[in-house]
Amino acid sequence: MRVGFTLVDVFTDVPFAGNQLCVVPEPPDDLGSATMQVLAREIGFSETTYVTAVRESGYDVRIFTPVSELRFAGHPTLGTAFTLVRLGVVPASVVQTSTAGDVPVEVDLGAGAATMRQLPAEFGEPFDDRGAVARAAGVEADDLGPGPIAPVSTGIIHLMVPVVGEDALRRASRDDRGCVTVCERAGVESLYLFAVRGRGDVMARMFDRSAEIGEDAATGSAAGPLGAYLSEHDAGGMPGHVTIAQGEMIGRPSFIEVDVARHDAGWVAFVGGGVQIVGEGSFEL
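If you're matching positions, the sequence shown starts at 705 in the working numbering and goes up one per residue.
Here it is, written out as structure tokens:
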């Protein structure tokens, strides 16, 4: 059995940068969860997606890391939608459905870009053990910014960790045991460290709770929450627009564009960026 896939780089305007994604646009009906997980581990990217149904207005997707299935993820949403629009099976304005809910996506093939409207941001209680966070991130306690260290979610919960200055952010180093401990205590998937460099200009690094993922190149599911966090706490020139630079420290420079607006349900983030198709192939099963 041959299972086709497309390789995609997301949050970049050039190939071989941004965050890598494997999209399986037409998995066989009998491709089970265990095999999906094995293939995601085999490809080794931070995420692999499987399109399990296509409708006139949208599609259903399952998202796997090398170690587990996710309810939602950012760059897989953009990369999967872009791939399906390119194949001509869904319209440029499309709705992705995952276990986290429905996410509208706008694809611009000509510009090589896509943007999603994330779910309204949900804020958790601040995580007050700043010493544990500093140890998990490999920085000094004084390197942490004055703002709250707090979980925020637009589908996946990430811990927002303000850092004083770009230099401190560059010095950060993921401590495996410390990161797992803090993520478990805070009930989050990652530490999202960020430094505000200027109005609407932020540098970020994502330390995942899983050692197999480690540091992520570009995290759309954390970028939206960060935009909401900056808006909620009146930091970084928000609300409005912010560009988040991520991935430089692991050789995958990425740029995430975030627009945030206040709606009745709370802060809503629109997260977008460049999308590049870099390869196609197939698994032989």
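Where a beta carbon is used, it is the ideal one built from N, C-alpha and C, also for glycine. All values derive from a computational prediction rather than experimental measurement.
Of the choices the options, whose alpha-carbon is the least far from that of residue i?
i: Ile767; options: Ser761, Leu743, Arg790; result: Leu743
i: Arg966; options: Val884, Gly944, Val906, Ala721; result: Gly944
i: Val865; options: Arg875, Gly851, Ser877; result: Gly851
i: Gly778; options: Tyr754, Gln822, Leu863, Glu919; result: Gln822
i: Met910; options: His937, Thr756, Gly842; result: Gly842
i: Asp963; options: Phe827, Thr819, Ser750; result: Thr819
i: Val900; options: Gly869, Asp920, Ser914; result: Gly869
i: Gly977; options: Arg706, Gly708, Thr716, Val707; result: Thr716
i: Cys887; options: Asp912, Leu873, Ala939; result: Asp912
i: Gly936; options: Gly828, Arg874, Gly891; result: With the sequence shown as reference, residue 936 is identified as Glu, and Gly is not the correct amino acid for it. Taking only the C-alpha atoms, the option nearest Glu936 is Gly828.
i: Ala922; options: Val712, Gly722, Phe776; result: Gly722
i: Thr885; options: Tyr933, Ser925, Val789, Ala838; result: Ala838
i: Gly708; options: Pro780, Thr781, Leu791; result: Leu791
i: Glu746; options: Leu735, Val972, Val771; result: Val771
i: Asp713; options: Arg878, Phe749, Asp733; result: Phe749
i: Ala840; options: Pro957, Leu873, Gly924; result: Leu873
Counting only the same chain and skipping the five closest in sequence on each side, list residues whose C-beta sits under 6 angstroms from that of residue i.
i: Thr752; result: Cys726, Ala744, Phe768
i: Ile948; result: Val906, Ala908, Ala927, Ile960
i: Thr710; result: Val727, Thr787, Glu984
Please state the DSSP three-state secondary structure of residue i.
i: Asp968; result: coil
i: Ser925; result: helix
i: Ser935; result: helix
i: Gly951; result: coil
i: Val975; result: strand
i: Glu829; result: coil
i: Val946; result: strand
i: Ala838; result: helix
i: Ala1049; result: Lying before the first or after the last residue shown, residue 1049 is absent from the chain, which here runs from 705 to 989.
Taking Cβ positions, are residue i and residue j nearer each other than 8 angstroms?
i: Pro929; j: Thr858; result: yes
i: Val799; j: Gly762; result: yes
i: Ser737; j: Val765; result: no
i: Val982; j: Pro719; result: yes
i: Ser914; j: Leu863; result: no
i: Glu773; j: Val755; result: no
i: Ala954; j: Glu916; result: In the sequence under discussion, the amino acid at residue 954 is Ile, which differs from the Ala named in the question. Contact: no.
Considering only residues of the same chain and omitting the five flanking positions on each side of residue i, which have a CB-CB separation below 8 angstroms?
i: Val706; result: What sits at residue 706 in the sequence shown is Arg, not Val. Around Arg706: Ser986, Phe987, Glu988, Leu989.
**Report entry** Contained alpha helix (DSSP H) runs [length at least 4] in the stretch 710-792, N- to C-terminal order
**Finding:** If we require 4 residues or more, the alpha helix (DSSP H) runs fully inside the stretch 710-792 come out as 737-747, 778-791.
Query - Segments assigned beta strand (DSSP E), at least 3 residues, entirely inside the stretch 871-929 - result: Listed in chain order, the complete beta strand (DSSP E) runs (minimum 3 residues) inside the stretch 871-929 are 894-902, 905-912.
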